[in-house]
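Have a look at the structure below before the remarks.
2 protein chains.
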Amino acid sequence: MTTADRRGTSGHVRLVDVAALAGVSMKTVSNVVRGAPHVSAAMRARVQKAVEELGYRPNLTARRLVTGRTGMLALALPEMDQPYYAELARHVAQAAPELGYRVLIEQTLLDAEAEHAVIRDRETGVVDGVLFHPVRMSNDEIARLRPELPLVLLGEDAPATTDHVMIDNVAAARDVIAYLVASGRRRVAFLGTVVDETSQATKPRLRGFHEGLDAAGVPAADRPVLMCAAYSVEAAEAALEAALAAGTRIDAVMCREDRFAVGALRALHRAGQRVPEDVAVVGWDDTQPARWASPQLTSVAPDKRELARVALRLVHERVTGHQGPGRHLIVPHTLAVRDSS
Amino acid sequence: MTTADRRGTSGHVRLVDVAALAGVSMKTVSNVVRGAPHVSAAMRARVQKAVEELGYRPNLTARRLVTGRTGMLALALPEMDQPYYAELARHVAQAAPELGYRVLIEQTLLDAEAEHAVIRDRETGVVDGVLFHPVRMSNDEIARLRPELPLVLLGEDAPATTDHVMIDNVAAARDVIAYLVASGRRRVAFLGTVVDETSQATKPRLRGFHEGLDAAGVPAADRPVLMCAAYSVEAAEAALEAALAAGTRIDAVMCREDRFAVGALRALHRAGQRVPEDVAVVGWDDTQPARWASPQLTSVAPDKRELARVALRLVHERVTGHQGPGRHLIVPHTLAVRDSS
DNA sequence: GCCTGTGTTTGCAGCGCTGTAACGTCCCTG
DNA sequence: CAGGGACGTTACAGCGCTGCAAACACAGGC
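Residue numbers (the working numbering), protein chains in the order written: chain A, 1 to 341; chain B, 1001 to 1341.
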């Protein structure tokens, strides 16, 4: 009887089957399989042999039921095909195994109900903890959650009670301005605020923009803040195009995200302005497609890898029992300078 | 005692707690919670009330252990931050709930061991079935898997024994050529093959390219096939640049993927060729960033939504007991015509 | 040779839930 | 008014595994 036959017959192999073949107790097999200490080398070898002969694979569901741990974390994001989120997800999925986790990616699609469902997931024992980038749930709602839920927030805003990781948006925006001013730009536009703002990210970036220009002594009149109709390339393009058509004169555009910067590139191209000679463009998030644009985009680059690692460390600590008030961690950023500035 | 208190005290609420409060058997609560038939309206209301009062949430791990179903599917992809995969993942994650599944995305990072691990996952009962886009595992290896594994392959090649969904690459390539020829292009380059080819997708696309040009009566000498050093924008750019520098004259480039098309755009720009006036460029996959390029890319558009739905339907059928030989399904594609052609 | 201590192995209960089968209970029919 | 069927509810075993505590083996020290 071959291994395949045996498995084919029984449907699946259980701990008890291995124990019977090896002539030991179930518990010893369990110890060997889990790599527990206090197992003699001879015993380990003997059990290992039986395991291989039968092609035994532990049933993780049963293990989970008794240990109460699933070894899974949820990563809840608005849209997984947005480059920033996709890249973040990649880093999280890549780093999670180091702490013994696997990642279940949850797409909330900007829907409040979906965001609530993420929290319920934890309650039904599907995952041990949650990394959550909220866009609809308010700080209040999040703070009201049971504090013992292992939860780490990503993104720009969070209640004091909850763990939280982000980059320093205000400082990053100031850095952009400092860089632009140093390279001789004086009339910088902010692209942009959004009509129906769902993100908390715009505010601090806009603040840094103003602080930076204040510091450089640029008068408020020389810093147009453009508003987009939506979070899209087209909306940003339209916003800048309208401003240019109205006679707004600028020599740089600082964008709240790479998508807007792509729109800016298009609008400037259509208006006959050269980038970077006439106008510099700076994006935000340093996503891959930003490097595909022409000219390649200069962009604020959050350290996504570090963001992922820090967030994972925080949930892991919560999962393994850390109590205490919310921790708010800042992760480094740089300015990836490319052809557009 | 409030709900929160109660939960805080007990740690968590179990079926038996609800049963005690409602004064019924555990099984009846189970029936109500699962929405099983044969429960009187009065009973349902009574139990519901107890459920809410205690804030009961079923423990899915326990449910899984007894039913043997997890309600989860794995989606195994090479890299989730590649736009094509990210978009595909989004569609799969979006459509899966309709069939009662949630999706665990597995990133294989082009690693053979990671691809094998995907299969093991199923064996450990983490997921009920697998949607798999392989790049390293050979057809032979896949065919050797136990046939009762609910598995659907995505991508361009698959053994006859396994379910499989793709677009008709040869036909799509012919469509591209027919379109280019109809718009007056006669010297079309293929960009490109890759030195260390890991994908089965190039071959049929190249075949369609040749078939299309044969049909149009274009001599073989007028259809350069360029080879890239890697799967990257830069490699594609370099390949086309070298060809142009060597005096290759073309009026169109058909690319095996959007990334290569972006590289082509750059190389042509640097060489002073206008797109689409001098040279038309056509990409493949119709990814979002292709729409961000300038000029916006014309691209072969697989119906990703349908691809996701069909693949889900096939695994679902396998999970629910469908036996039988491998099914090979073709999903529609279109040519998304934009500014680059 | 007995006892202690260290290290290894075992037996058993039970994680929380659902499937099966048995058990009412009520109403309809002859 | 007895018998049968349909529906609602209950009791209990057991999914496959691990934690706990007890049992055991085998050193070395007295």
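All C-beta atoms in this analysis are idealised placements derived from N, C-alpha and C, irrespective of residue type, glycine included.
| Asked | Found |
| --- | --- |
| In chain A, which residues lie less than 8 Å from Asp1081 of chain B when you measure between Cβ atoms? | Pro83, Ala86, Glu87, Ala89, Arg90, Gln288 |
| Would you please verify whether the beta carbon of Val1126 of chain B is less than 8 Å from any beta carbon of chain A? | yes |
| Taking only runs that begin and end inside the region 1201-1248 of chain B, name each unbroken beta strand (DSSP E) of 3 or more residues, in chain order. | 1225-1228 |
| Only counting the same chain, and skipping five residues up and downstream in sequence, which positions put a Cβ closer than 8 Å to that of Gln94 of chain A? | Ala308 |
| From the beta carbon of Gln107 of chain A, is the nearest beta carbon of chain B less than 8 Å away? | yes |
| Does the beta carbon of Thr9 of chain A come closer than 8 Å to any beta carbon on chain B? | Because Thr9 of chain A sits at a pLDDT of 47, beneath the cut-off of 50, its placement in the model cannot be relied upon, and the point is left open. |
| Look at Val1152 of chain B and Val1165 of chain B and say whether their C-beta atoms are less than 8 Å apart. | yes |
| Could you tell me the distance, in whole angstroms, from the CA atom of Arg174 of chain A to the CA atom of Val218 of chain A? | 13 Å |
| May I ask you to report which of helix, strand or coil DSSP gives Leu268 of chain A? | helix |
| For Val1013 of chain B, collect the residues of the same chain with a Cβ closer than 7 Å to its Cβ; drop the 5 residues on either side in sequence, then sort them by chain order. | Arg1007, Leu1054, Gly1055, Tyr1056 |
| Could you have a look at Pro147 of chain A and say whether DSSP puts it in helix, strand or coil? | coil |
| Using the Cα positions of Phe260 of chain A and Leu268 of chain A, report the straight-line distance between them to the nearest angstrom. | 12 Å |
| Based on DSSP bridge pairs, tell me the residues matched to Pro302 of chain A. | A:His333 |
| Give me the Cα-Cα distance between Arg1207 of chain B and Arg186 of chain A, rounded to the nearest whole angstrom. | 55 Å |
| Taking contact to mean at least 3 C-beta pairs separated by less than 8 Å, is the region 1241-1249 of chain B in contact with the region 1039-1055 of chain B? | no |
| How would you call Lys1027 of chain B, buried or exposed, if buried means at least 16 neighbouring beta carbons within 10 angstroms? | exposed |
| Check the Cβ of Leu1104 of chain B against every Cβ in chain A and list those closer than 9 Å, keeping chain order. | Met72, Arg102, Val103, Leu104, Ile105 |
| How far does the alpha helix (DSSP H) with Glu1197 of chain B in it extend, from its first residue to its last? | Neither: Glu1197 of chain B is in no alpha helix (DSSP H) and is coded neither H nor E. |
| Opposite Trp1284 of chain B in the DSSP bridges: which residues? | B:Val1300 |
| Step through the CB atoms of chain A and report whether any lies within less than 8 Å of the CB of Ala1093 of chain B. | yes |
| Any chance the region 1111-1123 of chain B sits against the region 1081-1091 of chain B, with 3 or more Cβ pairs inside 8 Å? | no |
| Residues in the same chain with beta-carbon distance under 6 Å from Asp303 of chain A, minus the five sequence neighbours each way, listed in chain order, please. | Val331, Pro332 |
| Under three-state DSSP, which class holds Val279 of chain A? | coil |
| For Gly1129 of chain B, list the residues DSSP reports as bridge partners. | B:Leu1073 |
| Mind pulling the chain B residues with CB within less than 8 Å of Val262 of chain A? | Trp1292 |
| Chain A beta carbons: is any one of them nearer than 8 Å to that of Ala1271 of chain B? | no |
| Please work out which residues of its chain come closer than 6 Å, Cβ to Cβ, to Gly33 of chain A, disregarding the five sequence neighbours upstream and downstream, and give them in chain order. | Residue identity check: residue 33 of chain A is Val in the sequence provided, not Gly. Answer for Val33 of chain A: Pro58, listed in chain order. |
| Nearest to Leu213 of chain A by alpha carbon, out of A:Ala239, A:Val176, A:Pro159, A:Thr193? | A:Val176 |
| Any C-beta of chain B sitting closer than 8 Å to the C-beta of Thr61 of chain A? | yes |
| Cβ of Arg136 of chain A within 8 Å of Cβ of Asp111 of chain A? | yes |
| If you reduce the DSSP assignment to three classes, tell me which class Gly1192 of chain B lands in. | strand |
| According to the neighbour-count rule (16 or more other Cβ atoms, all chains shown, within 10 Å of its Cβ), is Val130 of chain A buried or exposed? | buried |
| Can you name the residues of chain A whose CB is closer than 8 Å to the CB of Val1233 of chain B? | Arg291, Trp292 |
| Let's see if you can read the secondary structure: which residues bound the alpha helix (DSSP H) around His12 of chain A? | Looking at the DSSP string, His12 of chain A is not in any alpha helix (DSSP H), and its letter there is neither H nor E. |
| Of all Cβ atoms in chain A, is any one closer than 8 Å to the Cβ of Glu1123 of chain B? | yes |
| Quick one: what's got a C-beta closer than 6 Å to Leu1077 of chain B's C-beta in the same chain, skipping five residues either side? | Tyr1085, His1133 |
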